[in-house]
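Numbering (UniProt numbering), first residue to last: 1 to 487. Positions of the beta carbon are idealized from the N, C-alpha and C atoms, including for glycine. These figures come from a predicted structure and were not determined experimentally. Shown next, in structure tokens, is the structure this report addresses.
Written out as structure tokens, the structure reads:
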């Protein structure tokens, strides 16, 4: 391939004067890391943490959401979240596809704000709009995939396919514009460094609301829902943890010192939370739980997200201690004592691991945000309540923002699901729920009997002589079926 050569005094048109190659390279790397959290991270995690008969369906729900969000994002939703203002909480939707838009310097137009010296500034990273569009897409996609964890094992796949674009348009973009895109909460000074409210509080509250309207799993599934592959679950969790360095490290929109602080704090908080959750499991249940460790890791990652680059590293340890204990208590104690929470079938406990942990992180950021770190990235003089000054006001703002995000997600999710229910049943029929993947997709994840059970010819049937291979017939045409070898 022929290359155009440029002298030292010439500049390639692909490298305009405003482009910082280091920032652009880091932003694309961070985008890829966040994308890997969803694909394949959460796809693997969901496929392995559920009962065997739901492995394919759970993975497909995540896979579909990732693809559907991307197309909706570039067609309409990016500019609803980061474009020109339509309402104080919503941007004007428009495509983000033409090269005239994508190759210009990235800019969040409604982020224009007045500095303490009287001048005005706008968020304008030193890389093209295409990098910002893709980075923010990965955040939108993972929000829908996290929400899916609340309705695994029973939501009608057609209803899910309709729900994803509608929720992205009418719920996610509102939170993103309000807090990040220059909406009223952004200009009021609410802190959400990398999505504790926009992503985690939203997905947890919307997930619980969706679980209520979709309805519960079968009684047998609620009583016994063992992971079908714990080791594969750990692989998915590992991708999620490592990918979080891009999640929080990419939030400053630059490869700067604040991104370094965010990456360190993210890992410190996650490790602390995992250890605290594990210790609580040992103290109260007598043995450590691998699933519990993953949940503790998750709550630590979620809790640090709203303040990752704004708190000192000792603060990250404090946040980790609380994120490993408060969501643990809400899941293990409050959930068992609250009859309403018991009635709502939140499959993976997304409310506890994301809504509770995200709210906790947002409030702790309002307490622990360090003034010097805030000056590195925030547009105004900001500090947590523990540092005096206007810190108490900041904590109050964090509470109000949480209430707005929670209320909007309850209302918008309810309306969306009630509209979908007019045309598509939200829950699969019991006949499909009894069978699982083979009934829904005509495919199965593993050629195993039952839920990890050893093959028993008197129990499972469809066996023949020694070393023979038999395929059990399916009641569904052209369906994938399990294969067993009788030894």
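Contact belief for residue i with residue j at Cβ below 8 Å, rounded distance in angstroms
{"i": "residue 191", "j": "residue 305", "result": "Their Cβ separation, rounded to whole angstroms, is 11 Å, which puts residue 191 and residue 305 out of contact at 8 Å."}
{"i": "residue 38", "j": "residue 62", "result": "7 Å"}
{"i": "residue 201", "j": "residue 324", "result": "18 Å between Cβ atoms; not a contact."}
{"i": "residue 150", "j": "residue 348", "result": "7 Å"}
{"i": "residue 58", "j": "residue 144", "result": "Not confirmed; about 14 Å, so no contact."}
{"i": "residue 184", "j": "residue 101", "result": "Actually they are not in contact, since the Cβ atoms of residue 184 and residue 101 sit about 25 Å apart, beyond 8 Å."}
{"i": "residue 249", "j": "residue 263", "result": "4 Å"}
{"i": "residue 41", "j": "residue 243", "result": "6 Å"}
{"i": "residue 226", "j": "residue 51", "result": "6 Å"}
{"i": "residue 138", "j": "residue 31", "result": "5 Å"}
{"i": "residue 379", "j": "residue 352", "result": "Going by Cβ atoms, the distance from residue 379 to residue 352 rounds to 33 Å, so no, they are not a contact pair."}
{"i": "residue 85", "j": "residue 182", "result": "7 Å"}
{"i": "residue 255", "j": "residue 18", "result": "Actually they do not touch by this definition, with Cβ atoms about 16 Å apart."}
Euclidean distance between Cα positions of residue i and residue j
{"i": "residue 462", "j": "residue 46", "result": "Because residue 462 sits at a pLDDT of 47, beneath the cut-off of 50, its placement in the model cannot be relied upon, and the point is left open."}
{"i": "residue 329", "j": "residue 109", "result": "42 Å"}
{"i": "residue 391", "j": "residue 316", "result": "18 Å"}
{"i": "residue 482", "j": "residue 229", "result": "Residue placement at residue 482 is poorly supported in this model, since its pLDDT is 40, which falls under 50; the coordinates are not used for a value here."}
{"i": "residue 260", "j": "residue 43", "result": "28 Å"}
{"i": "residue 425", "j": "residue 336", "result": "29 Å"}
{"i": "residue 16", "j": "residue 128", "result": "10 Å"}
{"i": "residue 292", "j": "residue 280", "result": "10 Å"}
{"i": "residue 132", "j": "residue 80", "result": "14 Å"}
{"i": "residue 158", "j": "residue 445", "result": "20 Å"}
{"i": "residue 367", "j": "residue 383", "result": "8 Å"}
{"i": "residue 465", "j": "residue 360", "result": "Reliability of the predicted coordinates at residue 465 is poor, the pLDDT of 41 falling under 50, and no value is obtained from them."}
{"i": "residue 354", "j": "residue 14", "result": "41 Å"}
{"i": "residue 282", "j": "residue 321", "result": "16 Å"}
{"i": "residue 386", "j": "residue 362", "result": "14 Å"}
{"i": "residue 516", "j": "residue 246", "result": "Residue 516 is absent from the model: the chain starts at 1 and stops at 487."}
{"i": "residue 231", "j": "residue 104", "result": "45 Å"}
{"i": "residue 214", "j": "residue 419", "result": "13 Å"}
{"i": "residue 135", "j": "residue 415", "result": "29 Å"}
{"i": "residue 197", "j": "residue 284", "result": "31 Å"}
{"i": "residue 339", "j": "residue 170", "result": "30 Å"}
{"i": "residue 141", "j": "residue 82", "result": "16 Å"}
{"i": "residue 168", "j": "residue 333", "result": "33 Å"}
{"i": "residue 400", "j": "residue 193", "result": "16 Å"}
{"i": "residue 297", "j": "residue 12", "result": "45 Å"}
{"i": "residue 111", "j": "residue 388", "result": "27 Å"}
{"i": "residue 205", "j": "residue 406", "result": "6 Å"}
{"i": "residue 402", "j": "residue 176", "result": "13 Å"}
{"i": "residue 423", "j": "residue 199", "result": "28 Å"}
{"i": "residue 312", "j": "residue 180", "result": "23 Å"}
{"i": "residue 148", "j": "residue 270", "result": "22 Å"}
Nearest candidate by alpha-carbon position, reference residue i, set the options
{"i": "residue 93", "options": "160, 72, 394", "result": "72"}
{"i": "residue 342", "options": "439, 223, 390, 431", "result": "223"}
{"i": "residue 164", "options": "146, 178, 300, 334", "result": "146"}
{"i": "residue 156", "options": "254, 294, 217, 84", "result": "217"}
{"i": "residue 97", "options": "77, 89, 90, 22", "result": "77"}
{"i": "residue 221", "options": "345, 354, 400", "result": "345"}
{"i": "residue 413", "options": "49, 153, 162", "result": "162"}
{"i": "residue 160", "options": "309, 134, 207", "result": "207"}
{"i": "residue 409", "options": "196, 36, 210", "result": "210"}
{"i": "residue 309", "options": "251, 64, 289, 402", "result": "251"}
{"i": "residue 441", "options": "219, 397, 60, 84", "result": "60"}
{"i": "residue 438", "options": "53, 24, 36, 41", "result": "53"}
{"i": "residue 22", "options": "126, 393, 36", "result": "126"}
{"i": "residue 186", "options": "397, 142, 332", "result": "397"}
{"i": "residue 257", "options": "373, 55, 139, 298", "result": "373"}
{"i": "residue 275", "options": "255, 253, 300", "result": "300"}
{"i": "residue 212", "options": "154, 95, 99, 443", "result": "154"}
{"i": "residue 289", "options": "234, 166, 404, 241", "result": "234"}
{"i": "residue 99", "options": "114, 86, 123, 74", "result": "74"}
{"i": "residue 95", "options": "70, 113, 87", "result": "70"}
Residues bridged to residue i (per DSSP)
{"i": "residue 90", "result": "87"}
{"i": "residue 121", "result": "113"}
{"i": "residue 155", "result": "427"}
{"i": "residue 105", "result": "128"}
Minimum Cβ-Cβ distance from residue i to chain B less than 8 Å
{"i": "residue 279", "result": "Absent from the structure is chain B; it holds one protein chain and no more."}
Please give the ranges of any alpha helix (DSSP H) in the segment 366-413, keeping only runs that are unbroken, at least 4 residues long and fully inside the region. Within the segment 366-413, the complete alpha helix (DSSP H) runs of at least 4 residues are 371-377.
Just to confirm the assignment: which complete alpha helix (DSSP H) runs, minimum length 4, are found wholly within the segment 195-226? Here the runs fully enclosed are 202-214, 219-223.
Secondary structure, beta strand (DSSP E): runs of 3+ residues fully inside the segment 333-369: Along the segment 333-369, the beta strand (DSSP E) does not occur as any fully enclosed run of 3 or more residues.
Considering only residues of the segment 213-300, which uninterrupted beta strand (DSSP E) runs meet the minimum length of 3 residues and lie entirely inside it, listed in chain order? Listed in chain order, nothing qualifies, since the segment 213-300 has no complete beta strand (DSSP E) run of 3 or more residues.
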